[in-house]
Structures are given as structure tokens and as C-alpha cells.
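Below: the structure, in C-alpha cells.
Numbering (UniProt numbering), first residue to last: 1 to 115.
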């Protein structure tokens with residue numbers, strides 16, 4: 001009777017010990033140093049590539065910003081030149097108008113003096 005009262009618990013299967021264990025898929029063995037070194041090198045290459053890509057993106061964005069600023073300055077300069085030419089033209093037409101008025105006035109005086 002004593003032997004019956006001391007129950008031996010059932011021995012758990014491998015699946016119960018390791019929840020990731022599947023009968024059809026064997027567990028991957030622990031990688032050796034050379035394989036780990038290869039993984040590290042591959043990760044370092046990927047990180048370096050990502051850093052280069054990010055640096056190129058930052059450079060491109062900086063170039064785009066500078067290009068936009070340059071175009072904005074050129075546009076402002078162009079608009080200032082257009083406004084300056086317009087003012088010069090207005091000034092010239094005003095001077096021409098005054099000159100014509102003086103010539104007409106002088107012509108009228110000369111005609112008045114002749115009569």
C-alpha cells in the first residue's frame with residue numbers, strides 16, 4: 001500500500017519542457033564562433049550600409065534646401081530687377097514727358113514772339 005501511495009509523476013515529454021520544440025522541426029544547434037563572427041560581420045555591413053544611406057539622405061536634403069534657397073534668392077533678385085527696370089522706364093517716360101512739355105512751351109513762346 002505504501003508503494004501505491006507514493007505516486008511517481010509522469011515524466012514530461014520534450015514538448016512540455018521546451019514550448020518552442022516541435023517534433024517535425026529540430027532545434028537549431030548553438031552556432032560556433034566562426035558562424036557568430038560571420039553574423040557579426042554581416043550585421044556590421046548592414047549597419048554601415050544603413051548609416052551611409054542615412055548620411056546620403058541627409059546630404060541630399062541639405063542640397064535640396066540650399067537649392068531651394070538659391071532659387072528663391074534668384075527669383076527675388078529677378079523680381080527686384082524687373083521692378084527696377086519698371087521704375088527706370090517710368091522715370092524715363094516722365095523725363096521725356098517733361099522734356100516734350102518744355103519743348104512745346106518753348107515752341108509756343110517762339111510762335112507768340114513771331115506774331
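Cβ coordinates follow ideal geometry from the N, Cα and C atoms, glycine included.
These figures come from a predicted structure and were not determined experimentally.
Query	Result
Can you tell me whether DSSP reads residue 115 as helix, strand or coil?	coil
When you compare only the Cα positions, how much space is there between residue 84 and residue 58?	39 Å
For residue 78, which residues from the same chain have a beta carbon less than 7 Å from its beta carbon, with the 5 sequence-adjacent residues on both sides left out?	none
According to DSSP, is residue 32 part of a helix, a strand, or is it coil?	coil
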